[in-house]
Amino acid sequence: MARAANKTEKVTHEFGPLFDEKSRILVLGTIPSPKSREQGFYYGHPRNRFWKVVAQVFGEKEPVTVEEKKQLALRNHMALWDVLASCSIRGAEDASIQNPVINDLDVILQYADIKAIFTTGAKAAALYRKYCEPKYDRPCIALPSTSPANCRISDQELLASYQRLKL
């Protein structure tokens, strides 16, 4: 079983972006993790701190269900998607990403008045800067990863960094 987790596989994004005409910030990860794909929504690993931190930033109760997560994001004018439409990846290891195919961010950028683009984690920022920034001529603000693999950063440090989501 451990061998299967170490195998690189081609992953295609299985669900679309979350946004509406009131979205003002766009938060981009790399590509959904296996747990997020299983759940059918962003930041779905039970130990991922994204929803806990975002709820604290906006002074709300931490959402539990996918529907609660969607409503929290939309209520706070947040659009969610990923930089990548597909790639080869080993498990949820961003460092293993190969053959990246970028999402068409115009789907959101031509519909909503996005004031700032944030990326969650170093790999999402690097991919955005390499492939998206030249195309869209819009810089991103890199935030630390909320992944359970990023245990070196404390909840307090995440909360301080994610305060930037409040425009």
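Each number in the working numbering corresponds to the 1-based position in the sequence shown with 14 added.
All C-beta atoms in this analysis are idealised placements derived from N, C-alpha and C, irrespective of residue type, glycine included.
Just tell me which of 60, 99, 44 and 73 has its CA closest to the CA of residue 89.
Your numbering for residue 89 matches position 75 in the sequence shown. Checked all of 60, 99, 44 and 73; the closest Cα to residue 89 is 73.
Could you tell me the distance, in whole angstroms, from the CA atom of residue 18 to the CA atom of residue 107?
Taking the first residue of the sequence shown as 1, we reach residue 18 at position 4. Taking the first residue of the sequence shown as 1, we reach residue 107 at position 93. The pLDDT assigned to residue 18 is 49, lower than 50, so where the model puts this residue is not dependable; a value taken from the coordinates is nonetheless given after this. Cα-Cα distance, rounded: 14 angstroms.
Return the chain-ordered list of same chain residues with a C-beta closer than 8 angstroms to the C-beta of residue 147, the five sequence neighbours on each side being excluded.
On the sequence shown, position 133 is the one that residue 147 refers to. Taken in chain order, the residues that qualify are 153 and 154.
Note the first and the last residue of the continuous beta strand (DSSP E) segment covering residue 53.
In the sequence shown, counting from the first residue as 1, residue 53 sits at position 39. Here residue 53 belongs to no beta strand (DSSP E); instead the alpha helix (DSSP H) covers 48-53.
My output table needs one value for residue 153: the three-state DSSP class, helix, strand or coil.
To locate residue 153, count along the sequence shown from 1; it is residue 139. Here residue 153 sits in coil by DSSP.
Out of curiosity, what's the CA-to-CA distance linking residue 118 and residue 138?
Here the question's residue 118 lines up with position 104 in the sequence shown. Here the question's residue 138 lines up with position 124 in the sequence shown. Rounded to whole angstroms, residue 118 to residue 138 spans 15 angstroms at the Cα level.
Report yes or no: do three or more beta-carbon pairs, one from the region 89-99 and one from the region 18-35, lie closer than 8 angstroms?
Because the criterion of three Cβ pairs below 8 angstroms is met, the region 89-99 and the region 18-35 touch.
With distances taken from CA atoms, which of 143, 105 and 171 is nearest residue 42?
For the purposes of this step, residue 42 is identified with residue 28 of the sequence shown, where counting begins at 1. The shortest C-alpha separation from residue 42 is found at 143.
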